[in-house]
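Peer 1:
In the working numbering, the protein residues as written are 78 to 287.
What follows is the structure, given as structure tokens:
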């Protein structure tokens, strides 16, 4: 505003009165406003849209729309899931599995769950990919536990498992939910399978059914 006022003193007034930019500038009264419109759907997926229009004398229209898609946590009937569980560190993985199965029943998936046990977390991704190739499952839950030891073996296993599960999901287009948990010691592990930190198997299952 200060620069505009200064320009008025330097240039003739006729310059501003005849400026095409100022002559064609719409006034506030010439603008028309369209009320916000909202729409939603709750059948499986929900979406909401918002449209805003501004019109001037030249009927220029600017529209912006936003849509939200989200899964349902209450309509899992008829869907089929698989769970791949590592036997190594079974004192941890079995509790993760129990939390997962209890959550499946709650949402409610009661019959269409196949549980496959594998020797260790390293094999979880391989079996998940094979199950995904069958095209029988909406999602595959991968459960395991890797606890740090005295050597670097922990890092090699943890990285390989994460890569294997991710690759299976990307290659097949079937969600493979990463429920293979890594811990510093057994106490930390037990805190996350029903202790003060809750059961991570429950959280992984909620991801699968949504």
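From the three backbone atoms N, C-alpha and C, an ideal C-beta is built for every residue, glycine too.
In chain order, what residues of the same chain lie with their CB nearer than 6 Å to the CB of residue 178, ignoring the 5 residues before and after it?
Peer 2: Closer than 6 Å at Cβ, skipping near neighbours: no residue.
Peer 1: Helix, strand or coil for residue 163? Go by DSSP, reduced to three states.
Peer 2: Strand, per DSSP.
Peer 1: In chain order, what residues of the same chain have a beta carbon less than 6 Å from the beta carbon of residue 259, not counting five sequence neighbours either side?
Peer 2: Excluding positions up to five away in sequence, the list reads 223 and 235.
Peer 1: Going by Cα to Cα distance, which pick from 230, 245, 203 and 220 is closest to residue 280?
Peer 2: Nearest C-alpha to residue 280: 220.
Peer 1: Buried or exposed: where does residue 246 fall if 16 or more other Cβ atoms within 10 Å of its Cβ makes it buried?
Peer 2: Label assigned to residue 246: buried.
Peer 1: Between 176, 197 and 191, which has its C-alpha nearest residue 269's C-alpha?
Peer 2: Here the closest residue by C-alpha is 176.
Peer 1: Given this structure, state the Cα-to-Cα distance separating residue 168 from residue 267, to the nearest angstrom.
Peer 2: Answer to the nearest angstrom: the Cα atoms are 9 Å apart.
Peer 1: Please classify residue 270: does DSSP put it in a helix, a strand, or coil?
Peer 2: Residue state, collapsed to three classes: strand.
Peer 1: So what does residue 248 bridge to, in DSSP terms?
Peer 2: Paired residue(s): none; residue 248 is not in a bridge.
Peer 1: Give the DSSP bridge partners of residue 203, in chain order.
Peer 2: None, per the DSSP bridge assignment.
Peer 1: Look at the alpha carbon of residue 239 and the alpha carbon of residue 206, and state the distance between them as a whole number of angstroms.
Peer 2: Distance between the alpha carbons of residue 239 and residue 206 is about 13 Å.
Peer 1: Considering only their Cβ atoms, is the gap separating residue 213 from residue 159 smaller than 9 Å?
Peer 2: Their beta carbons are under 9 Å apart, which means residue 159 touches residue 213 by this criterion.
Peer 1: In terms of alpha-carbon separation, which member of 217, 249, 273 and 261 lies closest to residue 283?
Peer 2: Cα-wise, what sits closest to residue 283 is 217.
Peer 1: State buried or exposed for residue 243, treating a residue as buried only when at least 16 other CB atoms are found within 10 Å of its CB.
Peer 2: Looking at its Cβ environment, which holds fewer than 16 other Cβ atoms inside 10 Å, residue 243 is exposed.
Peer 1: Throw me the rounded Cβ distance for the residue 208 and residue 193 pair, which I believe falls under 8 Å.
Peer 2: Right, their Cβ atoms sit about 7 Å apart.
Peer 1: Apart from the five residues on each side of it in sequence, which residues of its chain come closer than 7 Å, Cβ to Cβ, to residue 199?
Peer 2: Correct list, in chain order: 234, 237 and 238.
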